[in-house]
Structure formats: C-alpha cells, structure tokens
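**Student:**
Residue numbers (my numbering): 9 to 375.
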C-alpha cells in the first residue's frame with residue numbers, strides 16, 4: 009500500500025505538466041487516507057510516510073499555483089484528518105494572510121469545542137500557525153481564551169515556543185512556573201534552561217543547571233560538559249563526589265559513570281562488591297566493562313561472564329545457548345584456571361538440555 013501511494017505521487021510529479029491539475033490529483037489522493045487508515049495496520053508508519061510524501065508535494069505546488077482565496081479553501085478541506093489529527097500541509101511557504109485568517113477560524117472552533125481533550129487537534133493547529141507566524145503570543149492567547157489550565161507540560165510547551173523565536177525573557181518566565189519537570193521532556197526542559205543561561209551569560213546558573221541536568225539523567229555527555237567547567241583541585245573534588253555518588257546508582261548507570269571518568273580501580277571495586285547481588289547483566293554493559301578494564305582486571309571480567317552465563321541458563325531458552333558457548337570461550341581465553349571445572353559443573357547441572365550439550369561438546373571436545 010505504501011509503495012502504491014508513493015508511485016501515484018511519482019506519477020503526478022513526473023507526468024502531470026499542469027500543476028493545478030496535479031494539485032487536484034494530490035488532494036484526491038490525500039483525502040483517501042481516512043479510508044486507508046481505517047482498513048490497514050500502519051504500526052510501522054510506512055503508509056503515513058507515503059501520505060507525507062503527497063502532502064510535501066502539495067505544499068510545494070499550492071502557494072505558487074493557487075491564489076490565496078482558493079488556497080485557504082483548500083487548506084480548510086485538507087487540514088483536519090478526522091480521528092487522526094492535523095495533516096501536515098502548512099509550512100513557511102503558506103502566505104501569512106492565509107495563516108492569520110485560518111487562525112481566526114480555528115480559534116472560534118477551538119473555543120466552542122466543549123471537551124478539553126477533544127479540542128486537541130484545534131489547539132495543535134493554533135500552535136503550528138503561531139509558530140509559522142513567529143508569534144507565540146497567539147498560542148498563549150488561544151489557551152487563555154479557552155481557559156485552559158496551564159499544567160507543567162503545557163508551560164514547557166509555551167516556553168519552547170518562545171525559545172523558537174529567541175525570546176529569552178518569556179522563555180525564562182514560563183520555565184520558572186514549572187513545578188515538576190514533565191517526565192518525557194526532561195532534556196527539552198534543561199536544554200531550554202541552559203539556552204537561557206547562555207543568553208544571559210549567567211555562568212553560575214549554567215553550572216548549577218548542568219549539574220541538575222546530569223543528576224536527573226546521569227548522561228555521561230552532560231557529565232563531561234559539567235566537569236569541563238572546573239579546573240585543578242575543584243575538578244578533582246567534584247569528580248570524586250560524582251564517583252562516590254555513582255556507587256548508589258543502578259549497575260548499568262554506575263558503570264557508565266566510572267568509564268566516562270576513567271576510574272578503573274573504583275569500577276573494579278564496585279563490580280566486586282555487587283557480584284553477590286547481580287542476577288542479570290546487560291550485554292552492552294559487560295562488553296564496555298571488558299574493553300575498559302582489559303587484562304588488568306581479567307578476574308573481574310571472568311566473574312561477570314559467569315554471572316551472565318548463569319542468568320542465560322536460568323531462562324532455559326535454546327536461542328541463548330550459542331551465546332553461552334561464545335562466552336565460555338571468552339572465559340577460557342582470559343586464562344581462567346577454573347574454566348574447565350566451571351564447564352563441568354554446567355554439564356552436570358544442565359545435562360538434560362540436549363542442544364546445549366551438543367554445542368558444548370562441539371566447542372570443547374575435552375569436556
């Protein structure tokens with residue numbers, strides 16, 4: 009279906025010389041989306057992408073080949089995809105007079121709509137128009153007229169609109185109103201805060217917000233950016249504070265911090281202390297540990313691999329058996345003196361797992 013739609017758009021683009029006729033065909037095609045989405049599973053987003061291709065071509069032709077009155081009429085017909093929200097047919101090429109008229113019309117519908125969540129499509133359109141007009145005040149005005157309660161996620165939305173037009177004062181004002189950072193927008197919130205700090209050249213606030221950002225996300229990228237602001241003894245003190253705090257994080261998060269700050273000894277000590285309580289190790293984490301600690305801490309890596317093997321064998325799924333064999337080879341290569349004894353214990357404990365036994369004997373004929 010997705011390929012068929014793309015081919016139709018290609019044909020319109022290449023074969024229809026009169027762009028006004030092409031626009032009619034594109035409009036007819038775009039309006040088929042309601043029936044198509046009602047009859048297909050587009051969880052991959054492929055069909056939506058194909059319709060976006062049609063909408064992009066429509067946006068390319070429409071402002072040049074339609075007068076503003078006709079364009080406004082067309083946009084009104086195409087803009088809302090019933091049950092699915094707003095179609096992507098507005099952009100910077102849409103004439104400002106068309107956007108202003110459209111704003112007034114949609115605002116009226118938005119205010120008249122009784123259900124708060126049912127009016128989301130209208131609100132989304134108003135927000136998009138305000139962004140294209142580079143006038144966030146229009147979006148705020150709409151929310152006020154609707155008497156919308158400005159929850160934290162909405163305040164952040166508004167702040168980001170002002171950031172888009174580089175209004176630092178208004179961006180800061182709305183960020184300061186947020187009581188609790190929206191869970192799914194932590195990065196957006198802090199990036200906006202840091203942008204405001206940089207605009208004001210407030211170095212103290214920038215350092216504090218980088219620290220808060222790091223402690224909220226434990227991002228090693230933010231950590232490095234934060235520590236780069238320190239020198240000499242202050243750098244050493246702050247680095248040690250972060251490393252000590254890392255010991256209380258989850259296993260994966262802590263490992264990331266130790267690696268980022270090149271703290272091999274603390275990393276090895278942390279792993280050693282955690283070994284009795286670890287039942288599962290992320291594949292990428294153990295790979296990072298192996299590369300980081302290398303031969304210097306081979307015994308630690310061997311113990312981690314044994315935890316990984318024990319965890320995989322508890323699952324009792326044949327698809328993990330090749331990984332078990334591969335990991336046993338790594339243990340042997342690292343020079344574990346007890347590897348033969350360890351493999352023998354696996355054989356004794358899991359001898360009923362025929363596929364595993366076959367793979368083990370193929371890889372290790374000596375057992």
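Heads up, the beta-carbon is just placed ideally off N, CA and C, and yes, glycines get one too.
Between residue 63 and the rest of its own chain, which residues show a CB-CB distance below 7 Å, the 5 nearest in sequence each way excluded?
**Tutor:** In the chain shown, the residue the question calls residue 63 occupies position 55. Contacts found: 38, 95, 96, 97.
**Student:** Comparing alpha-carbon positions, which option in 139, 280, 270, 150 lies nearest residue 306?
**Tutor:** To locate residue 306, count along the chain shown from 1; it is residue 298. Residue 280 is the option with its Cα nearest to residue 306.
**Student:** Using DSSP's beta-bridge definition, name the partner residues of residue 94.
**Tutor:** For the purposes of this step, residue 94 is taken as residue 86 along the chain shown, with counting starting at 1. Note: residue 94 sits in a beta bridge opposite 88.
**Student:** Just to check my reading of the structure: residue 265 and residue 254 have Cβ atoms closer than 8 Å, yes? What is that Cβ distance to the nearest angstrom?
**Tutor:** The count along the chain shown starts at 1 and reaches residue 265 at position 257. The count along the chain shown starts at 1 and reaches residue 254 at position 246. Contact flag correct, Cβ pair sits at about 4 Å.
**Student:** Which residues mark the beginning and the end of the alpha helix (DSSP H) in which residue 319 is found?
**Tutor:** Here the question's residue 319 lines up with position 311 in the chain shown. Where residue 319 is concerned, the enclosing alpha helix (DSSP H) stretches over 306–323.
**Student:** Taking buried to mean at least 16 other C-beta atoms within 10 Å of its own C-beta, is residue 232 buried or exposed?
**Tutor:** By 1-based counting over the chain shown, the position of residue 232 is 224. Answer is exposed; the Cβ neighbour count stays below 16.
**Student:** Am I right that residue 119 and residue 153 are in contact with their C-beta atoms under 8 Å? What's the rounded C-beta distance?
**Tutor:** Mapped onto the chain shown, residue 119 falls at position 111. Mapped onto the chain shown, residue 153 falls at position 145. Indeed they touch by this definition, with Cβ atoms about 6 Å apart.
**Student:** Which of the three DSSP states is assigned to residue 150 in this structure?
**Tutor:** Translated into the one-based positions of the chain shown, residue 150 becomes position 142. Of the three classes helix, strand and coil, the one that applies to residue 150 here is helix, per DSSP.
**Student:** Could you give the DSSP three-state label for residue 290: helix, strand or coil?
**Tutor:** Within the chain shown, residue 290 is the residue found at index 282, counting from 1. Note: residue 290 maps to coil in three-state DSSP.
**Student:** Within a Cβ cutoff of 7 Å, which residues of the same chain sit near residue 309, ignoring the five residues on either side of it in sequence?
**Tutor:** The residue labelled residue 309 in the question sits at position 301 within the chain shown. Excluding residues within five positions, the ones whose Cβ falls inside 7 Å are 297, 298, 301, 342.
**Student:** Would you kindly check if the distance between the Cβ of residue 160 and the Cβ of residue 186 is under 8 Å?
**Tutor:** For the purposes of this step, residue 186 is identified with residue 178 of the chain shown, where counting begins at 1. For the purposes of this step, residue 160 is identified with residue 152 of the chain shown, where counting begins at 1. Yes, these two residues count as a Cβ contact at 8 Å.
**Student:** Note down the Cα distance separating residue 104 from residue 178, rounded to an integer number of angstroms.
**Tutor:** Mapped onto the chain shown, residue 104 falls at position 96. Mapped onto the chain shown, residue 178 falls at position 170. Cα-Cα distance, rounded: 24 Å.
**Student:** Using CA coordinates, which residue listed in 244, 19, 239 is at the minimum distance from residue 271?
**Tutor:** The sequence position of residue 271 within the chain shown is 263, counting from 1. Among 244, 19, 239, the Cα nearest to that of residue 271 belongs to 244.
**Student:** Apart from the five residues just before and just after residue 237, which ones in its own chain have a Cβ nearer than 6 Å to its Cβ?
**Tutor:** Translated into the one-based positions of the chain shown, residue 237 becomes position 229. Correct list, in chain order: 215.
**Student:** Just the C-alpha distance for residue 289 and residue 196, rounded to the nearest angstrom, thanks.
**Tutor:** Indexing the chain shown from 1 puts residue 289 at position 281. Indexing the chain shown from 1 puts residue 196 at position 188. Their backbone Cα atoms lie some 30 Å apart in a straight line.
**Student:** Taking 8 Å as the threshold (C-beta atoms), are residue 183 and residue 226 in contact?
**Tutor:** Walking along the chain shown from the start, residue 226 turns up at place 218. Walking along the chain shown from the start, residue 183 turns up at place 175. No, the Cβ-Cβ distance between residue 226 and residue 183 is not below 8 Å.
**Student:** Starting from residue 191, trace the alpha helix (DSSP H) in both directions and tell me its first and last residue.
**Tutor:** Position 183 of the chain shown, counted from the start, is the residue given in the question as residue 191. Counting along the chain, residue 191 falls outside any alpha helix (DSSP H), and DSSP gives it neither H nor E.
**Student:** Within the same chain, show all residues whose beta-carbon is closer than 7 Å to that of residue 205, passing over the 5 residues directly before and after it, in chain order.
**Tutor:** Here residue 205 corresponds to residue number 197 of the chain shown, with the count starting at 1. Counting only Cβ-Cβ distances below 7 Å, and skipping sequence neighbours, we find 213, 214, 217.
**Student:** Where does residue 53 sit, in a helix, a strand or coil, going by DSSP?
**Tutor:** Numbered from its first residue, the chain shown carries residue 53 at position 45. Looking at residue 53 - three-state DSSP - the assignment turns out to be coil, as it is neither helix nor strand.
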